[in-house]
Amino acid sequence: MPAAQRLCILGSTGSIGVSTLDVVARHPDRLSVYALSAHSRIESLAAQAATHRARVVIVPDDAARQRFLAAWPAGLPVPEIRQGAQALADTAADPEVTAVMAAIVGAAGLPGALAAARAGKRVLLANKEALVAAGTLFMQAVRDAGAELLPIDSEHNAIFQCLPQSADRALAPAQPATGVRRLLLTASGGPFRCTALDQLEHVTPDQACAHPNWRMGRKISVDSATMLNKGLEVIEAHWLFAMPVERIQVVIHPQSIVHSMVEYTDGSILAQLGQPDMRTPIAFGLGYPDRIDSGVGLLELTRLGRLDFESPDLQRFPCLKLSLDALRQGQNACITLNAANEVAVDGFLHGRIRYTQIPAIIERCLDESGRHDACTPASLDEVLDLDARTRRAASGYCQAALP
Ligand code: NAD
Ligand code: MG
11 MPAAQRLCIL GSTGSIGVST LDVVARHPDR LSVYALSAHS RIESLAAQAA
61 THRARVVIVP DDAARQRFLA AWPAGLPVPE IRQGAQALAD TAADPEVTAV
111 MAAIVGAAGL PGALAAARAG KRVLLANKEA LVAAGTLFMQ AVRDAGAELL
161 PIDSEHNAIF QCLPQSADRA LAPAQPATGV RRLLLTASGG PFRCTALDQL
211 EHVTPDQACA HPNWRMGRKI SVDSATMLNK GLEVIEAHWL FAMPVERIQV
261 VIHPQSIVHS MVEYTDGSIL AQLGQPDMRT PIAFGLGYPD RIDSGVGLLE
311 LTRLGRLDFE SPDLQRFPCL KLSLDALRQG QNACITLNAA NEVAVDGFLH
361 GRIRYTQIPA IIERCLDESG RHDACTPASL DEVLDLDART RRAASGYCQA
411 ALP
């Protein structure tokens, strides 16, 4: 009998949340939904909760509670409605829950993901910003509580699959796996890989969100265009696999078929290949250690014909360089990088700043914080405090940005 999982999906109405429910529906024998959460698409949350018979839903406030009730189909028993940010963390730690899918976007997902780790759950981590903002705290919580940490980000899931198989490999390693020389993190290069540099200042949010290979939420789509996403992923890989930044190489691979690789000291490189469909890493995490059906179709290599690899151009992608510098500088710089980016991307998506102003705003915030912050935050409150201060500064720069 497979181990049954009772799931809490934080951010169930997003791109990852929807893909997770798609996989869950294929395995009623081993996967069930206990709790779902949403921030703005409350009617979708009601539809999901009715279909998957969720016992609990989490909404942000009273108005959302009313919307949920108005959208609830008559005749079905209403799930328990929990409310507010604290309810996300409380539900992630609920004794009824065995596995938590952390799929909220941004640092807003950190308290829930951390609570799941502290409660010793199986944590399916899509929310990379949680690790970027609180790597030390998060990995320590996984170790202390004996949580099972399974990376869902496709690159990290690929690396996890290519690393040596050991019984405790889902338990936050303190040093790099034996025999591994480097991690090779692939990146598509996004929609502007070949755009003339002088055109970049005119690109629109819709162009930035039109990723050539993946369908994702708008924030991560812009991050993929700037390659800040790859920067966050280098930081994520550093924490997940205890790997120093010098031993993580970013490789542009426009087809998004090789999801990442592990290079060993004997010269071998192991890669994981697959369709660019998040249901594959999600099914890996949900079924682990078994392999279960994800609904993803076959990958016909003969139809692909070729796979290309190239080095990233740091002049085209200044956000990648800013991220690598932040990782070298320390954890406070990573918090600043992430918070400044969230505000700048939101500003770009809402027409308040230009695409090319995103790295400028991040750099300015990093310059400011660099003066006083080289240390590591000791608590979640310290992380959230620096995050909030950076957001205030970045909002000011956004307001002053566009002529
Ligand atoms: P999305 O924007 O599609 O969905 C985000 C979800 O988070 C929604 O359910 C929304 O209701 C919820 N949410 C947003 N703000 C919130 C807040 N302040 N409080 C509580 N809930 C909030 O995002 P996505 O593309 O599904 O990405 C989710 C996470 O997974 C991100 O961290 C992203 O980097 C990561 N990820 C996504 C993909 C992908 O293919 N989409 C791949 C790898 C990693
Ligand atoms: Mg990724």
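First residue of the sequence shown? That's 11 in the working numbering, and the numbers climb one at a time after it.
Built from N, CA and C at the ideal position, the CB exists for glycine as well.
With a CB to CB cut of under 8 Å and the five nearest residues on each side skipped, what residues in its chain are close to residue i?
{"i": "L124", "result": "A99, A140, A144, L147, F148, A151, L390"}
{"i": "Q15", "result": "R40, L41, S42, T108, A109, R132, L296"}
{"i": "S270", "result": "S164, E165, H166, A168, I169, C172, L193, L194, L195, T196, A281, Q282"}
{"i": "S54", "result": "T23, A48"}
{"i": "T205", "result": "V213"}
{"i": "L396", "result": "N342, I345, T346, A349, S379, D383, P387"}
Would you identify the three-state DSSP class for residue i, choosing helix, strand or coil?
{"i": "V107", "result": "coil"}
{"i": "I52", "result": "helix"}
{"i": "S270", "result": "strand"}
{"i": "A157", "result": "coil"}
{"i": "Q209", "result": "helix"}
{"i": "A44", "result": "One point to set straight first is that residue 44 is Tyr, not Ala, in the sequence displayed. Y44 falls in the strand class under three-state DSSP."}
{"i": "T196", "result": "strand"}
{"i": "L308", "result": "coil"}
{"i": "V115", "result": "coil"}
{"i": "D204", "result": "Residue identity check: residue 204 is Cys in the sequence provided, not Asp. Of the three classes helix, strand and coil, the one that applies to C204 here is coil, per DSSP."}
{"i": "D18", "result": "Contrary to the premise, residue 18 reads as Cys rather than Asp in this sequence. In this structure, C18 counts as strand in the three-state DSSP scheme."}
{"i": "R92", "result": "strand"}
{"i": "R65", "result": "coil"}
{"i": "A281", "result": "strand"}
{"i": "R191", "result": "strand"}
{"i": "L173", "result": "coil"}
{"i": "R301", "result": "coil"}
{"i": "Y407", "result": "helix"}
{"i": "A35", "result": "helix"}
{"i": "G85", "result": "coil"}
{"i": "D71", "result": "coil"}
{"i": "P387", "result": "coil"}
{"i": "D163", "result": "coil"}
{"i": "P286", "result": "coil"}
{"i": "T23", "result": "coil"}
{"i": "G357", "result": "helix"}
{"i": "P183", "result": "coil"}
{"i": "R374", "result": "helix"}
{"i": "T214", "result": "coil"}
{"i": "R364", "result": "coil"}
{"i": "N223", "result": "coil"}
{"i": "A13", "result": "coil"}
{"i": "T400", "result": "helix"}
{"i": "T275", "result": "coil"}
Does the distance from the C-beta atom of residue i to that of residue j stay below 8 Å?
{"i": "G200", "j": "M237", "result": "yes"}
{"i": "S47", "j": "I68", "result": "yes"}
{"i": "L193", "j": "I258", "result": "yes"}
{"i": "L20", "j": "I162", "result": "no"}
{"i": "P174", "j": "A252", "result": "no"}
{"i": "N342", "j": "P291", "result": "no"}
{"i": "G119", "j": "A155", "result": "no"}
{"i": "V28", "j": "G305", "result": "no"}
{"i": "L190", "j": "V272", "result": "Checking the sequence shown, residue 190 turns out to be Val, not Leu. Yes, these two residues count as a Cβ contact at 8 Å."}
{"i": "G357", "j": "C408", "result": "yes"}
{"i": "C461", "j": "A350", "result": "Beyond the ends of the chain as shown, which are 11 and 413, falls residue 461; an answer cannot be given."}
{"i": "A411", "j": "I372", "result": "no"}
{"i": "I26", "j": "M288", "result": "yes"}
{"i": "E392", "j": "A117", "result": "no"}
{"i": "A81", "j": "A45", "result": "no"}
Once the 5 residues before and after residue i are set aside, which same chain residues still bring their CB inside 7 Å of it?
{"i": "I268", "result": "With the sequence shown as reference, residue 268 is identified as Val, and Ile is not the correct amino acid for it. For V268, where only same-chain residues beyond five positions count, the Cβ hits under 7 Å are T196, A281, L283, L317."}
{"i": "P222", "result": "S198, P201"}
{"i": "A218", "result": "P201, S231, V232, A235, Y365"}
{"i": "R75", "result": "V69, I91, Q93"}
{"i": "S333", "result": "L238, G241, L242, V244, I245, L347"}
{"i": "A184", "result": "A252"}
So, at 6 Å on beta carbons, what are the nonlocal neighbours of residue i in its own chain, with the 5 sequence-adjacent residues on each side left out?
{"i": "A102", "result": "C18, V110, G122, A125, A126"}
{"i": "V355", "result": "K229, V232"}
{"i": "Q285", "result": "V306, L309"}
{"i": "S266", "result": "S198, N223, P286"}
{"i": "L134", "result": "M111, L160, I162, G295"}
Report task. Examine the Cβ distances between the segment 303-322 and the segment 261-279 and report whether three or more of them are shorter than 8 Å. Result -> yes
Query - Minimum length 4: unbroken alpha helix (DSSP H) runs contained in the segment 314-340 - result: 328-339
Report task. Decide yes or no for the touch test of the segment 231-247 against the segment 177-191: beta carbon pairs closer than 8 Å, at least 3 of them. Result -> no
Query raised in the report: Are the segment 400-410 and the segment 335-352 touching by the rule of at least three beta carbon pairs closer than 8 Å?
Result: yes
**Report entry** Any 3 or more C-beta pairs closer than 8 Å across the segment 210-219 and the segment 358-366
**Finding:** yes
Report task. List in chain order: all unbroken beta strand (DSSP E) runs of 3+ residues lying wholly within the segment 119-160. Result -> 132-135
Query raised in the report: Are the segment 291-299 and the segment 227-235 in contact at 8 Å, needing three or more beta carbon pairs?
Result: no
Query raised in the report: What are the uninterrupted segments assigned as beta strand (DSSP E) that are 3 or more residues long and contained completely in the segment 225-270, given in chain order?
Result: 258-262
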